[in-house]
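The next block holds one structure in the form of structure tokens; read it before the comments.
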Amino acid sequence: TSLSSRSNLEHQFRQQIDRALEQVAQVLDNTKHPKICEDVHHTYEDKYLLAELLTNTALASQLTSLSCLGVTQEVLSQLVAWAGSNSAVTLSFRCTRKCSFAREAQRDEDSKTKHVTEVSTSSGHGATWESKVVTTITEYYWDFNVAMELVAFVGTGEGEGERIQLLSREGQHEIKTSSDNAPYPETVIAPPIEVNISDFLGLIQPNSSELTFKIDREHEDTHTPRRNQDVDKVEVQLHGIGSWAGRITQYLTHDLLRVNTVDKPSLDMRALNTDGVLSPVLPLFEDRDAAQPIEAASAEQAQLALMAKLSDNRPAESKLMLTSDVNALLDEERKSLGRKMVELGEVFADPSALVSSFEARLCVVLLHMQHIQSQHLSAINYIEEMLRAQLIGAIGKVVTPDDFS
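See the structure below:
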């Protein structure tokens with residue numbers, strides 16, 4: 300990446316964080332003042348702790364999104380159990396479309412042009428005739444049926460009890476054409492869009508649903524909080540989930556939802572966005588006084604309706620945000636997603652339409668999952684760039700191999 304490109308990306312990331320801080324201020328009480336990490340004096344170990352917190356937060360956030368896609372606490376326990384038996388656990392989106400001839404209809408359509416003829420008789424009386432061209436139009440109607448589902452399965456998913464249906468919908472629609480050529484093939488079974496989430500599930504404690512990601516500081520391949528095999532492994536998994544979400548979104552918005560059905564209402568497709576949904580994956584520290592006591596999590600915090608919570612194992616002297624505060628941000632993310640789902644239900648209110656609230660909500664949740672993956676990558680790369688800038692500031696220049704020759 301060129302220096303100019305890197306600078307632009309850093310500027311865009313800082314803008315995202317500044318906007319997010321406004322949402323954070325609304326969630327946390329007035330005694331909390333989190334700041335972007337480079338603005339708070341901290342130790343090198345704090346950078347490792349921050350990378351772990353960002354990763355666990357991203358994983359918890361993805362679980363919140365999956366809860367909107369039918370992964371209940373009971374389902375999650377089953378998926379974790381499957382992954383714990385060293386079996387592959389897969390999420391799969393499937394869609395089947397069928398198109399068949401329904402009927403033929405004719406209608407008359409008047410031309411927009413009228414012809415007027417005036418005739419005079421020998422008696423002096425006149426007569427006027429109006430004529431117009433009437434065209435008989437033949438139209439062809441086709442049944443267009445769509446069945447889609449989101450499933451989770453273990454292994455091949457072919458055995459009894461190896462498959463869980465998370466979401467499903469069947470829609471019956473009608474397409475009108477001016478020719479008797481079928482607009483689509485009789486049956487189209489789209490290739491399943493799948494992602495293996497076994498590594499992701501392996502980071503969830505089976506009994507407590509706490510996330511357990513940690514960086515092995517002593518491993519020979521651990522170089523920095525960003526450059527180590529533990530972060531790389533999770534980033535591969537998060538990238539896979541983000542790519543999976545992106546491919547489904549692409550299929551829905553650029554293929555299925557562009558089919559021009561007879562019952563297609565006028566809808567504001569701009570509503571398919573994640574505006575207002577909080578992204579809690581933020582590289583923040585809190586500049587607390589060393590003598591300031593660390594408050595215990597309240598009973599209200601313990602009751603947060605989260606799919607997974609972060610365990611409170613941070614050192615007392617660390618500049619990390621309190622775990623209870625991060626859990627509060629995760630809970631606000633859950634609530635903001637809920638508000639978005641209600642909003643989409645109002646915009647896409649017709650349950651029989653090709654684009655109903657089902658498709659709209661699915662698209663927006665998947666968009667949010669892509670954003671979380673991107674936000675996590677930007678945040679952990681930001682730690683590396685911050686470390687790089689601090690080293691350059693201490694040494695006074697960028698060190699290259701030529702300096703050692």
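For the sequence shown, this note's numbering assigns the number 300 to the initial residue and increments by one for each residue that follows. Heads up, the beta-carbon is just placed ideally off N, CA and C, and yes, glycines get one too. The structure presented is a predicted model; accordingly, all values stated were derived computationally and were not measured.
6 Å CB neighbourhood of residue i in its chain, flanking five on each side removed
i	result
C394	M447 and A489
G644	S656
R396	V445 and V487
N355	L510, F512 and L609
R406	I436
E403	Y439
S467	E448
Q322	L577
Q362	The question names Gln, but residue 362 is Leu in the sequence shown. These residues qualify, in order along the chain: M606 and A607.
E469	A446
S508	A607
Cβ-Cβ distance between residue i and residue j below 8 Å
i	j	result
H518	Q528	yes
V646	D567	yes
S364	H667	yes
V379	L571	no
C367	M606	no
F452	T511	no
L327	D515	no
L583	I335	yes
E683	R525	yes
L320	F392	no
K618	D317	no
G454	A382	no
Neighbourhood of residue i by C-beta distance below 7 Å, restricted to the same chain and skipping five residues each side
i	result
P482	C398, W441, I474 and T476
F312	S677 and Y681
V654	L556, L566 and F647
A688	none
D520	N527 and Q528
E485	K397, C398 and S399
K331	E585 and D624
C662	T548, L551, T552 and L571
Minimum C-alpha distance to residue i - residue among the options
i	options	result
V280	N355, I463 and E684	Only positions 300 to 704 of the chain appear in the structure, and residue 280 is not among them; the question remains open.
G545	D586, V494, L510 and V654	V494
N385	E585, I496 and T356	I496
L283	T548, E585, S651 and E631	Only positions 300 to 704 of the chain appear in the structure, and residue 283 is not among them; the question remains open.
N480	I547, R526 and A401	A401
D498	V654, D531 and G470	D531
S578	D624, Q536, I671 and S467	I671
T548	I492, P524 and T521	I492
D649	F312, A324 and Q471	Q471
E408	Q372, E438 and G383	E438
A627	A324, H310 and T342	A324
S410	A404, E417, E429 and E485	E429
A652	S673, Q314 and T560	T560
L358	C662, E534, L551 and E642	E534
Q315	Y550, V576 and V663	V576
E616	N329, H332, H341 and T330	H341
V664	Q322, L551, Q536 and H310	L551
H522	Y343, N329 and E309	Y343
R569	P614, S478, S376 and E642	E642
Cβ-based neighbour list, residue i, same chain, cut-off 8 Å, excluding 5 preceding and 5 following
i	result
V374	A451, I463 and L465
S360	S578, P579, V580, L629, E632 and I671
T412	K431 and V432
I694	none
Q669	G541, A544, G545 and T548
Q536	I496, D498 and F499
beta-carbon residue i near the ligand HEM non-hydrogen atom, thresh 7 Å
i	result
A489	Among the ligands in the structure shown, none appear at all, so the ligand HEM cannot be discussed.
**OP:** Taking 8 Å as the threshold, find out whether the segment 426-443 comes into contact with the segment 456-463 through three or more Cβ pairs.
**Re:** no
**OP:** Determine contact between the segment 504-512 and the segment 633-640, defined as no fewer than three beta-carbon pairs at a distance below 8 Å.
**Re:** no
Original post:
Are there three or more Cβ pairs, one per stretch, closer than 8 Å when the segment 652-659 is compared with the segment 551-561?
Top reply: yes
Original post:
Within the chosen definition, does the segment 677-687 reach the segment 349-368 through at least 3 CB pairs nearer than 8 Å?
Top reply: yes
**OP:** Would you mind listing the beta strand (DSSP E) stretches within the segment 318-358 that are 3+ residues and don't spill past its ends, in chain order?
**Re:** 333-335
Subject >> In chain order, each beta strand (DSSP E) run of at least 3 residues that lies wholly inside the segment 461-513 >> reply: 462-476, 486-488 and 492-495
Original post:
Considering only residues of the segment 356-391, which uninterrupted alpha helix (DSSP H) runs meet the minimum length of 4 residues and lie entirely inside it, listed in chain order?
Top reply: 372-383
**OP:** Any chance you could list the beta strand (DSSP E) runs of at least 3 consecutive residues sitting entirely within the segment 541-589, in chain order?
**Re:** 583-585
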